[in-house]
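This report refers to the structure that appears directly beneath it.
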Amino acid sequence: MIKKPIFKLILMALCVFALPVLANPDKIALEEHLTIISQDALNTIYGEGNFIVRVQLAMTAPRYQVKYTEQSSPKMSKKKGKGKEVYLLPGYPALKNLSPDAMSQIPFNSVTTLMESKVRKMNVLVIVNKDMSRSLAKKSEPILKQLLSFKASRGDAIKYEYKKFYFQPAQVTQNITISDTSEKVLSLQNMFYLFFLLLFIGFLAVYVWFKLKESKASAASAEGGGGAGPVNVNVNPNLELKGAGGGGGGGAGGKMSMGEGIKQYFDFVSDANLNEFIILIKDKKIPADMLSMILSFLSAPLAAQVLSQLDDPALKAEATALLIEQRQGKRETLDKLESQIKSALECFVGGQKTFSDVFEYVSEDTKKGLLDQLKQTNQAAHDKVRSHIFLFEDIIELDNNDLGMILSDCNMELLATSLISVEQGFYQRIDENLTNTAREMISQYLEVKKESTSAKDIEAAQDYMIKLVKKLDESGKISLKKEANPA
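What the sequence shown shows, in the working numbering, is residues 1149 to 1635, in sequence order.
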């Protein structure tokens, strides 16, 4: 008598615990699938360790739908026994919606369809790491709605809860296990590597030895071969000074190459001081014979520039005629001429290039202040200096083609910054040559940044525009010379 109630209690407990197992398998599978999709998407976008997602569904129960088609013709049993019939009304038998197994017992053909479960409502619980900003976490809501096909009409909802995540995957230290496995030093593999290493060192030593031997042989040949033939140089020092009395030199008939110990006259002349060198030649009024001697010692490009920038056509013609003759000059005269020119060149000060290099680093305000002071004290000096200074305000003096070229190459943000403190007329001139898109960008930038931009930033932007103009002028895309306004 006691065992029977205990057995009933055990049976009831098993039924209660078996309910989740006996639940709708489609519902469980769909919840798991949607949860995995949501979790993977948030991990990919925000990184792992920031979200926990749980999708719960409310679904309709699966059911069978029976549809009667036509009356059947069942084979009747020949037994005389007759079952009991049920009538709703006199003469009308009742048709029962029986189970699928009993369908063959009714006098109608039917089609039985299993109606699958449908989602009635979807609830999503999102647990967010409390360290993440709420605005950033909320941005995941439209992503989840799109992934899960949310429908507000059926009451779908997302709930966010913010919890402290104590486990941080990025902070987990990696455990490294070092196994104590001893390796034989004289293993077959190590011996193989050692053999090739020694072979490589041997080849390297032989190569270095041969190179040293070749270098010593070359040095000995250079020391003992001084009397074997004429010394070759790559310049033509056979220039005869006017009235020097030296001559000959015709024995060396070929192109000569420079050897060690041969003095190279005028080697201090380079591209860096070529302009000063040309000015010095003009001021000193170097005669044609001396000029031809100097040109013969310069490199071909430098000599060509010197010859082309001389103003006296007769001097250039005579120097050219003397240059083609091969003569030998006196060392004393060459040393004296070189010393005089070098000394004068070393004492050269000022010049347009020096002025341009210095004023490239002078601020716009300083330039204007110097020009104003010169205008009050020395108008001639002001006009001369002004022709070599390009101010930011000079940009509007360019023609439309050059101005359009500058505006198409410049940075729009720096252009807008440079226009913050300009006068209305200057701004209007620039605005007329801008495209609609550029005009709108600059207008919006000025509305936002005009009040917060410092004077230092404005000056830096204007310096950028000046350097851009000079760069385009040097490349030949625009011309500033035609804008010069001589005094």
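A virtual CB, placed ideally from N, CA and C, is assigned to each residue, including glycine.
- Counting along the chain, where does the alpha helix (DSSP H) carrying Asn1548 start and finish? Asn1548 to Asp1557
- Task: Can you check DSSP and say which residues form a bridge with Met1160?
- Result: Paired residues: none, contrary to the question.
- Endpoints, the alpha helix (DSSP H) within which Ile1614 is located: Ala1603 to Glu1622
- Query: Roughly how far, in whole angstroms, is the beta-carbon of Gln1457 from the beta-carbon of Ile1426, given that I think they are within contact range, below 8 Å?
  - Reply: 5 Å
- Message: Alpha carbons only, please: which of Glu1179, Leu1182, Val1201 and Val1259 is nearest the one belonging to Gln1213?
- Response: Val1259
- Straight-line gap, Glu1196 to Tyr1593 (C-alpha atoms, nearest Å): Per the coordinates, the alpha-carbon of Glu1196 lies some 39 Å from the alpha-carbon of Tyr1593.
- Own chain partners of Asp1579 with C-beta closer than 7 Å, once the 5 adjacent residues on each side are dropped: Arg1587
- Task: Using beta-carbon positions only, say whether Thr1208 and Lys1266 come within less than 8 Å of one another.
- Result: yes
- Task: Using a Cβ-Cβ cut-off of 8 Å, state whether Gly1195 counts as contacting chain C.
- Result: Any reference to chain C falls outside this structure, which holds one protein chain only.
- Looking only at its own chain, which residues have a Cβ that is under 7 Å from the Cβ of Met1636, when we skip the five neighbours before and after it? This structure leaves residue 1636 out entirely; the chain is present only between 1149 and 1635.
- Query: If you count every other CB in all the chains shown that lies within 10 Å of the CB of Arg1534, and 16 or more means buried, which is it?
  - Reply: buried
- Message: Rounded to the nearest angstrom, what separates Glu1362 and Gly1350 at their Cα positions?
- Response: 19 Å
- Message: Taking DSSP's pairing of strands, which residues face Leu1428 in a bridge?
- Response: Note: Leu1428 sits in no beta bridge, so no partner.
- For Leu1620 versus Ile1543, is the C-beta spacing smaller than 8 Å? Contact flag unset, no.
- Message: Using 8 Å as the threshold, is the C-beta distance between Ala1206 and Lys1293 below it?
- Response: Annotated as distal: Ala1206 and Lys1293, with beta-carbon spacing of 8 Å or more.
- Message: Taking a contact to mean a Cβ-Cβ separation below 8 Å, would you say Val1272 touches Leu1296 in this structure?
- Response: yes
- Item | Three-state secondary structure assigned by DSSP to Lys1269 | Lys1269: strand per DSSP, three-state reduction.
- Query: Should Val1417 be labelled buried (16 or more other beta-carbon atoms within 10 Å of its own) or exposed?
  - Reply: Buried, by the Cβ-count rule.
- How many whole angstroms separate the CB atoms of Leu1539 and Lys1523, which I take to be in contact at a CB cut-off of 8 Å? Leu1539 to Lys1523, Cβ: 13 Å. No contact.
- Query: What does Val1203 pair with, by DSSP beta-bridge criteria?
  - Reply: In DSSP, Val1203 forms a bridge with Val1272.
- Message: Taking only three categories from DSSP, how would you classify Val1596?
- Response: helix
- Could you check if Leu1389 is buried or exposed, using at least 16 other CB atoms within 10 Å of its CB as the buried criterion? Summary for Leu1389: the model assigns pLDDT 37, below 50, so the residue's position carries little reliability; its value from the coordinates is reported in the next sentence. By the 10 Å Cβ count, Leu1389 comes out buried.
- Message: So for Thr1208, helix, strand or coil by DSSP?
- Response: coil
- Message: Please classify Val1274 as buried or exposed, where buried requires at least 16 neighbouring CB atoms within 10 angstroms.
- Response: Counting of Cβ neighbours within 10 angstroms places Val1274 among the buried residues, the total reaching 16 or more.
- Item | Residue range of the alpha helix (DSSP H) that includes Tyr1575 | Here the alpha helix (DSSP H) through Tyr1575 covers Gln1572 to Glu1580.
- Message: Once the 5 residues before and after Thr1261 are set aside, which same chain residues still bring their CB inside 6 Å of it?
- Response: Gln1213
- Taking all protein chains shown into account, do 16 or more other C-beta atoms lie within 10 angstroms of the C-beta of Val1201, making it buried, or fewer, making it exposed? buried
- Message: Nearest by alpha-carbon distance to Glu1595: which of Lys1432, Ala1452, Glu1561 and Lys1312 is it?
- Response: Glu1561
- Message: In the DSSP output, which residue or residues are listed as bridge partners for Glu1512?
- Response: Glu1512 is bridged by DSSP to nothing; it lacks a bridge partner.
- With a threshold of 16 other CB atoms inside 10 Å of the CB of Phe1414, please say whether the residue is buried or exposed. Buried, by the Cβ-count rule.
- Query: Within this structure, are the beta carbons of Ala1436 and Leu1470 separated by less than 8 Å?
  - Reply: Yes, the pair counts as a contact, with Cβ atoms nearer than the cut-off.
- Item | Start and end residues, alpha helix (DSSP H) containing Lys1484 | Its alpha helix (DSSP H) spans residues Arg1479 to Glu1494.
- Taking only the alpha-carbon atoms, compute the straight-line gap between Ser1487 and Thr1502 and give it to the nearest angstrom. 24 Å
- Does the beta-carbon of Gln1572 have 16 or more other beta-carbons within 10 angstroms, so that it is buried, or is it exposed? Its Cβ having fewer than 16 others within 10 Å, Gln1572 is exposed.
- Could you tell me whether the Cβ atoms of His1536 and Ser1511 are closer together than 8 Å? 8 Å or more divides the Cβ of His1536 from the Cβ of Ser1511.
- Just the C-alpha distance for Ser1623 and Leu1616, rounded to the nearest angstrom, thanks. 11 Å
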